[in-house]
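Report on the following structure.
Numbering (the working numbering), first residue to last: 2 to 908.
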């Protein structure tokens with residue numbers, strides 16, 4: 002790990018050799034700030050995760066290939082956590098799958114097959130973290146939006162657009178939907194039945210006919226002044242008399258307004274001195290809005306003009322006068338105008354200001370207005386600069402003039418976001434500024450191919466050369482090669498190792514097109530990046546809190562391996578000391594033994610259990626074991642969160658991913674299912690709520706149905722799984738609630754039933770997840786038979802699998818079948834199976850028996866450069882002609898990050 006050196010300096014060019022008592026006190030105050038921050042860094046080091054994917058989007062039946070990089074301060078490979086979690090969530094914040102991976106040498110390799118039974122077309126997002134990161138704000142987890150298209154058995158290509166109009170207190174939305182067949186021919190003059198859902202309830206429904214272009218317009222108006230924020234439009238188009246095709250679209254009503262915010266540099270607008278004010282104009286979609294305009298005073302005099310530069314962000318300078326009110330007259334790209342009032346200027350204040358245009362130095366300026374200067378003349382002030390909770394620069398100066406200017410060498414800092422904070426003599430933070438440091442030569446990657454031009458199925462050899470400061474370096478890299486005709490990419494919008502670890506991982510909120518700042522970075526992009534630093538939130542910790550010794554509470558330690566823990570007790574609840582415990586994995590040569598502590602605690606450490614394995618934990622080898630109980634500890638996991646990158650979701654997947662899905666349709670044609678299937682004999686009835694008289698009043702069809710297959714893999718504690726998988730429900734304070742009621746303030750819980758028996762939500766963990774047949778969710782009880790009886794609202798029914806009909810058994814056989822408290826069999830979340838990416842090899846002149854329609858031509862997460870900085874790899878092209886794109890990402894042991902994109906042509 003790099004050694005951290007703190008540069009101590011005086012902001013004035015004099016050094017004091019004989020410190021007075023006051024100066025010594027000042028030094029103590031500054032040392033206290035530094036030491037308290039160092040304690041935070043030492044005791045709670047920041048850990049980050051970045052995930053490199055083989056491509057930005059997928060189709061159902063694809064496999065998602067990825068590599069996770071785990072880093073700590075200065076982005077050096079992290080020695081802390083040995084396990085990383087990668088989750089895939091739906092756009093409605095329902096957890097679909099969790100992949101648990103062992104971390105070796107600070108990296109992990111994984112894959113997620115997008116099977117047809119689990120995944121449907123829609124927007125998903127990835128969340129990745131270590132358990133150590135779960136101690137802190139999950140806003141700093143790795144997240145990425147991933148659209149998934151459908152090409153198998155598809156009958157419709159759709160495209161939807163929305164217009165919103167304000168109607169009194171309500172919003173009228175016109176949804177214009179075009180329907181086409183798979184040859185892109187319009188479904189003209191076809192009947193369409195449609196329903197609009199709001200918070201899982203039917204809001205409106207109707208029927209219409211498409212025009213000659215296959216277009217149908219559906220109008221929806223909100224009610225009671227409450228827009229539809231979580232809605233769906235479900236359509237059913239009649240292709241012919243016997244065949245229909247369904248489509249679903251998300252509906253979020255938004256007023257066509259722009260959120261215009263001001264961000265004075267340093268945090269506060271100070272009267273009487275020049276202030277730089279950042280601004281950000283954001284549409285309801287979350288994307289920036291181009292804007293220009295002028296700043297006027299209360300006499301309507303124009304003070305200055307402004308223009309947004311990128312993503313709706315920009316800045317202007319103003320010197321506020323006492324007692325005056327300033328406003329911004331803004332004109333947007335569509336010609337609309339609005340007026341926004343600037344924040345009021347402080348009559349007395351001091352501000353930290355930065356000019357970051359010099360490649361070698363950060364030019365720092367401290368400005369105090371006259372009232373503040375007169376009240377604080379000759380008092381000492383401190384400046385502290387930190388990155389990832391590590392202090393790299395500290396300085397102090399007496400306030401002898403209204404302006405203090407200094408230069409800070411950029412070489413003192415690693416690449417990334419630096420937080421500059423101005424403190425007074427009492428260690429109170431007064432002003433703050435974020436600065437981005439980019440060292441362009443930290444890690445340079447050169448990618449070359451052995452030929453300038455290739456043929457389909459020809460062998461390609463790629464060489465990689467890695468240098469840092471012109472010296473060769475050994476590094477760990479991942480490589481993806483894609484056919485750019487089938488996988489077109491908006492490079493500005495990509496999530497890369499640079500944009501993630503250097504930028505978004507340290508900022509809260511959505512960052513539009515984060516990779517824009519790292520592609521051919523020039524003066525304009527650096528200036529745009531500085532505007533982002535002016536307008537984006539950053540708060541990994543509070544100086545005020547840590548100076549008062551109020552540090553974040555840590556409940557979870559970095560995982561060093563897979564452990565299974567619990568307690569062995571007798572039937573009275575007393576712990577069993579020095580009890581013999583044995584662990585076995587069914588069907589695999591994996592076993593372990595341990596002995597309980599004086600408190601009855603056991604801990605099987607450093608296990609290597611594959612996912613979906615059946616684990617048996619036994620205490621039966623102890624004396625009097627029949628009277629012993631094994632109690633397993635729960636598996637900690639972070640709370641569910643919403644996708645911070647909703648603005649990246651693709652509204653029209655069919656058209657946006659058309660090139661990719663056209664290829665997928667050919668690639669997976671063998672997976673198409675039969676449209677007509679003749680079934681002879683009566684189907685086997687599966688357990689459901691209708692089997693129980695007490696639930697007969699519920700609708701025959703639940704609002705949401707979760708099949709038991711969802712819980713068969715990786716679900717250890719059923720209640721924990723349902724917290725994230727129960728669509729339409731919210732879990733809080735030991736109960737489930739209907740989400741729409743919970744969000745409106747109601748706290749009437751949902752009644753839970755297990756096989757028709759009413760239970761409390763906490764009893765759900767008594768059900769073995771592997772034995773679940775289905776979970777039925779009713780967001781409303783139409784007849785009120787359950788709600789009135791139990792004083793609840795909404796019903797969750799857990800149905801377990803029926804025991805097979807068998808022969809008569811003896812009492813002893815029955816006793817043997819009953820679960821034993823001294824033996825537990827369950828399926829813990831294990832490590833996902835590592836698979837190798839399949840890359841075919843072709844012999845020259847070999848006959849062609851099938852089409853090679855690969856979109857990912859090559860994926861290799863294990864490219865290691867030698868001490869000379871060199872590595873090479875080879876693969877064979879597919880049948881696609883055009884441009885192929887090679888992406889290499891990775892880091893060296895010093896934390897220098899590198900990314901290179903290379904193109905070659907196939908003709």
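Just so you know, even glycine gets a beta-carbon here, dropped at the ideal spot from N, CA and C.
As assigned by DSSP and simplified to three states, the class of residue i
i	result
residue 515	helix
residue 1	Given that the chain is displayed from residue 2 to residue 908, the structure contains no residue 1 and the question cannot be resolved.
residue 904	strand
residue 181	strand
residue 22	No answer about residue 22 holds up, because its pLDDT of 39 lies below 50 and its placement is not dependable.
residue 754	strand
residue 671	helix
residue 893	strand
residue 53	strand
residue 1	This structure cannot speak to residue 1, because the chain is shown only from 2 to 908.
residue 534	helix
residue 15	Confidence is the limiting factor: at residue 15 the pLDDT is only 29, short of 50, which leaves the residue's position unreliable and the question unanswerable from this model.
residue 552	coil
residue 211	coil
residue 1	In the structure displayed, the chain extends from 2 to 908; residue 1 sits before or after that span and is not available.
residue 912	Here the chain comprises residues numbered 2 to 908, so residue 912 is not present and cannot be evaluated.
residue 561	coil
Whether residue i touches residue j by CB criterion (8 Å)
i	j	result
residue 601	residue 577	yes
residue 148	residue 654	yes
residue 543	residue 519	no
residue 703	residue 779	yes
residue 362	residue 397	no
residue 90	residue 556	no
residue 152	residue 854	no
residue 783	residue 700	yes
residue 547	residue 37	yes
residue 295	residue 305	yes
residue 400	residue 379	yes
residue 423	residue 416	no
residue 313	residue 289	yes
residue 274	residue 402	no
Supposed contact pair residue j and residue i - C-beta distance, whole angstroms, cut 8 Å
i	j	result
residue 726	residue 96	6 Å
residue 221	residue 174	5 Å
residue 970	residue 266	No statement about residue 970 is possible, as the shown extent of the chain runs from 2 to 908 and does not include it.
residue 211	residue 180	6 Å
residue 843	residue 877	5 Å
residue 68	residue 560	19 Å between Cβ atoms; not a contact.
residue 93	residue 728	7 Å
Close beta carbons around residue i, own chain, < 7 Å, minus the five adjacent residues each side
i	result
residue 502	49, 51, 72, 76 and 898
residue 572	628 and 630
residue 621	823 and 824
residue 651	124, 148 and 657
residue 454	906 and 908
residue 732	724
residue 436	355, 357, 363, 419, 421 and 534
residue 766	718, 719 and 720
Cutoff 8 Å: residue i Cβ touching any chain C Cβ
i	result
residue 703	Here there is only one protein chain, and chain C is not present.
Nonlocal neighbours in the same chain, by C-beta distance under 8 Å from residue i, ignoring five residues either side
i	result
residue 904	485, 884, 885, 886 and 887
residue 506	49, 51, 141 and 143
residue 632	567, 568, 569 and 570
residue 875	460, 461, 462 and 463
Contacting residues, own chain, Cβ-Cβ under 6 Å from residue i (five flanking each side not counted)
i	result
residue 495	516
residue 338	332
TODO: Inspect the CB distances between the region 103–119 and the region 829–842 and report whether three or more fall short of 8 Å.
DONE: yes
Open item on the list: Quick test of the definition: if touching needs 3 or more C-beta pairs under 8 Å, does the region 337–354 touch the region 363–377?
Closed with: yes
Task: Three or more C-beta pairs below 8 Å linking the region 459–472 and the region 297–307 - done: no
TODO: For the region 231–247 and the region 281–294, state whether three or more C-beta atom pairs, one from each stretch, are separated by less than 8 Å.
DONE: no
- [ ] Mind the definition here: the region 163–178 touches the region 254–263 only if three or more C-beta pairs lie below 8 Å; say whether that holds.
- [x] yes
Task: Inter-stretch contact (C-beta, 8 Å, three-pair minimum) for the region 157–167 and the region 242–251 - done: yes
Task: contact_flag[the region 853–869, the region 52–61] where n(CB pairs < 8 Å) is 3 or more - done: yes
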